[in-house]
Amino acid sequence: MITTLLAPPKKKTTVVPTIEVISNPVVNCEDSIHGNSNETTAENTSTNEGNEWFVPQNVPSDNALFSIDSPKYGFASKVSGALAAFEAAWTGEIIDLPLPDATPASERKCLREKHEFESFSEEHYMADLIQEEYLEAYIAFEPEWYKLLDTEISLDGTEKDILKELPNKEYLLDENEIQKVCCGMVDILFGNCYNYRVTMGDNTVESGWTINKLSSTLCWFQEFSNMEEVITACIRRSLCYPLYRNWNLSMKVFQDVKAVIRLGKKYIIKRFCEIHSLFNTSYEPRYILNQLYIKDYLIWLQQVPSSVIESLNSELDGINPKKLQMRLDLVELETAAYSVHEEDLVIENAVHGMVEQVADLKIDENDKEKYMYTMESKKFLNYVLRKHSTSSSDSSDTDSETESDSSSSSSSSSDSSLDSDDTDVKE
Numbered sequence: 060m061i062t063t064l065l066a067p068p069k070k071k072t073t074v075v076p077t078i079e080v081i082s083n084p085v086v087n088c089e090d091s092i093h094g095n096s097n098e099t100t101a102e103n104t105s106t107n108e109g110n111e112w113f114v115p116q117n118v119p120s121d122n123a124l125f126s127i128d129s130p131k132y133g134f135a136s137k138v139s140g141a142l143a144a145f146e147a148a149w150t151g152e153i154i155d156l157p158l159p160d161a162t163p164a165s166e167r168k169c170l171r172e173k174h175e176f177e178s179f180s181e182e183h184y185m186a187d188l189i190q191e192e193y194l195e196a197y198i199a200f201e202p203e204w205y206k207l208l209d210t211e212i213s214l215d216g217t218e219k220d221i222l223k224e225l226p227n228k229e230y231l232l233d234e235n236e237i238q239k240v241c242c243g244m245v246d247i248l249f250g251n252c253y254n255y256r257v258t259m260g261d262n263t264v265e266s267g268w269t270i271n272k273l274s275s276t277l278c279w280f281q282e283f284s285n286m287e288e289v290i291t292a293c294i295r296r297s298l299c300y301p302l303y304r305n306w307n308l309s310m311k312v313f314q315d316v317k318a319v320i321r322l323g324k325k326y327i328i329k330r331f332c333e334i335h336s337l338f339n340t341s342y343e344p345r346y347i348l349n350q351l352y353i354k355d356y357l358i359w360l361q362q363v364p365s366s367v368i369e370s371l372n373s374e375l376d377g378i379n380p381k382k383l384q385m386r387l388d389l390v391e392l393e394t395a396a397y398s399v400h401e402e403d404l405v406i407e408n409a410v411h412g413m414v415e416q417v418a419d420l421k422i423d424e425n426d427k428e429k430y431m432y433t434m435e436s437k438k439f440l441n442y443v444l445r446k447h448s449t450s451s452s453d454s455s456d457t458d459s460e461t462e463s464d465s466s467s468s469s470s471s472s473s474d475s476s477l478d479s480d481d482t483d484v485k486e
């Protein structure tokens with residue numbers, strides 16, 4: 060561990076007893092009471108005169124008891140009251156949890172799911188479902204972790220500099236706390252893998268927001284003790300907040316997380332170093348999340364046995380997310396979207412067939428009225444076909460408006476042609 064190696068050597072000191080014998084209980088009580096009463100009084104008086112400034116003068120308030128039971132957050136839920144000095148509007152840019160220092164941990168999940176349900180857009184999800192061809196490049200993209208071997212992983216200079224700045228700390232965690240820390244790690248990695256895939260490895264100014272928003276750990280300070288619950292929360296959030304909300308894309312990101320875990324803790328450290336850099340350079344105050352979570356994860360990952368990380372592989376392989384688990388009515392929405400899309404295709408094919416039929420008509424050009432009517436009909440049908448293909452949702456309104464416009468233009472064209480004929484006759 061770099062942090063441990065850079066720590067200054069500890070000086071060996073001889074431990075001496077610091078117990079001072081004040082009195083001997085064997086001494087005669089009368090001697091201690093009568094013979095030494097004056098000396099004891101004088102000594103106590105002189106001692107108290109020097110230490111009276113260090114003696115607490117106030118009775119402890121009830122706030123001391125409140126701080127013990129106050130809501131916890133941060134790495135392994137070891138922090139409380141850290142955000143009390145910040146304004147809510149300021150922390151609200153990075154944290155969705157209202158009143159983090161007052162909201163109990165038991166209420167965070169319910170509040171998070173309610174916020175996700177309110178933020179979920181059915182129209183956005185169905186649009187990304189039908190127009191999946193725009194996402195094919197991101198789904199087909201192959202990140203670096205599918206090409207790397209664990210023996211090829213190394214830290215670059217920037218990552219080493221980040222690790223050098225970390226303090227030398229030790230964490231005493233029980234099995235339950237280790238499980239929660241691992242769940243939080245997977246939750247944060249999901250956001251990082253999503254960002255890497257949709258940016259194709261080239262981070263943008265929105266990368267910090269994406270990682271922050273997709274992580275329930277960072278955005279809601281939620282603790283997880285079940286890995287399946289973690290993946291469900293990650294996928295739900297990936298369908299509610301980012302620009303691309305597609306089930307197949309989220310499944311790809313889930314596979315990315317498993318691939319990163321398989322490469323071991325050294326590569327996970329690299330991913331967390333990237334998150335640390337993104338948060339430090341973010342326009343919003345995401346450096347707070349570095350202080351609460353990311354730095355501690357970087358220290359802990361250097362200390363944790365590799366067997367702990369390896370045990371997550373089998374746990375993640377046993378998870379098979381279902382659309383019904385998201386509780387967002389995804390199956391019903393997809394059925395409705397495909398039904399409407401099929402109807403649009405039927406209309407589009409019918410209009411296209413009419414265009415071809417009109418094109419095949421043979422009309423004598425000498426009969427100008429029929430000829431002009433046929434040409435205007437072809438223009439109108441082509442216009443309807445173009446409008447229908449570009450905006451299927453507004454096709455009915457567009458077609459009705461276009462029909463009235465084109466019919467009026469057709470009549471005006473016919474009138475103009477008749478006028479020209481009359482002119483020829485007069486001449």
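If you're matching positions, the sequence shown starts at 60 in our numbering and goes up one per residue.
Ideal Cβ positions, reconstructed from N, Cα and C, are used throughout, including at glycine.
Secondary structure at residue 132: strand, using DSSP grouped into helix, strand and coil. In the DSSP secondary-structure assignment, residue 138 is bridged to 132. Measuring C-alpha to C-alpha distances from residue 184 to each of 399, 392 and 323 identifies 392 as the nearest. Residue 178 and residue 388 have their C-alpha atoms spaced approximately 14 Å apart.
Sequence-distant Cβ neighbours of residue 150 in its own chain, meaning closer than 6 Å and more than five residues away, are 142.
Here residue 161 carries a coil assignment [DSSP, helix/strand/coil]. Within its own chain, the residues whose Cβ lies closer than 7 Å to the Cβ of residue 256, once the five positions on either side in sequence are excluded, are 197, 200, 202, 311, 312 and 315, listed in chain order.
Residue 356 has its alpha-carbon roughly 12 Å from the corresponding atom of residue 226. Scanning its chain for C-beta atoms nearer than 6 Å, with the 5 sequence neighbours on each side dropped, one finds around residue 317 the residues 375, in chain order. In this structure, the CA atom of residue 157 is about 32 Å from the CA atom of residue 371.
For residue 187, the number of other beta carbons within 10 angstroms of its own is at least 16, and it is reported as buried.
Minimum Cα-Cα distance from residue 349 among the listed residues 133, 129 and 128 corresponds to 133.
By the neighbour-count criterion, in which a residue is buried when 16 or more other Cβ atoms sit within 10 angstroms of its Cβ, residue 169 is exposed.
The continuous alpha helix (DSSP H) containing residue 292 extends over residues 286 to 297. Around the C-beta of residue 401, fewer than 16 other C-beta atoms lie within 10 Å, and the residue is accordingly described as exposed. Secondary structure at residue 314: helix, using DSSP grouped into helix, strand and coil. The straight-line gap separating the alpha-carbon atoms of residue 241 and residue 380 is approximately 19 Å. By the C-beta density criterion, residue 281 is buried, having at least 16 other C-beta atoms within 10 angstroms. For residue 166, the number of other beta carbons within 10 angstroms of its own is below 16, and it is reported as exposed. Taking every protein chain shown into account, the CB of residue 269 has 16 or more other CB atoms within 10 angstroms, so this residue is buried.
Counting the other CB atoms within 10 Å of its CB gives residue 267 a total of 16 or more, which places it among the buried residues.
Nearest C-alpha to residue 319 among 216, 217 and 246: 246.
Considered as a whole, the stretch 212 to 267 harbours 216 to 223 and 234 to 257 as its complete alpha helix (DSSP H) runs of no fewer than 4 residues, in chain order.
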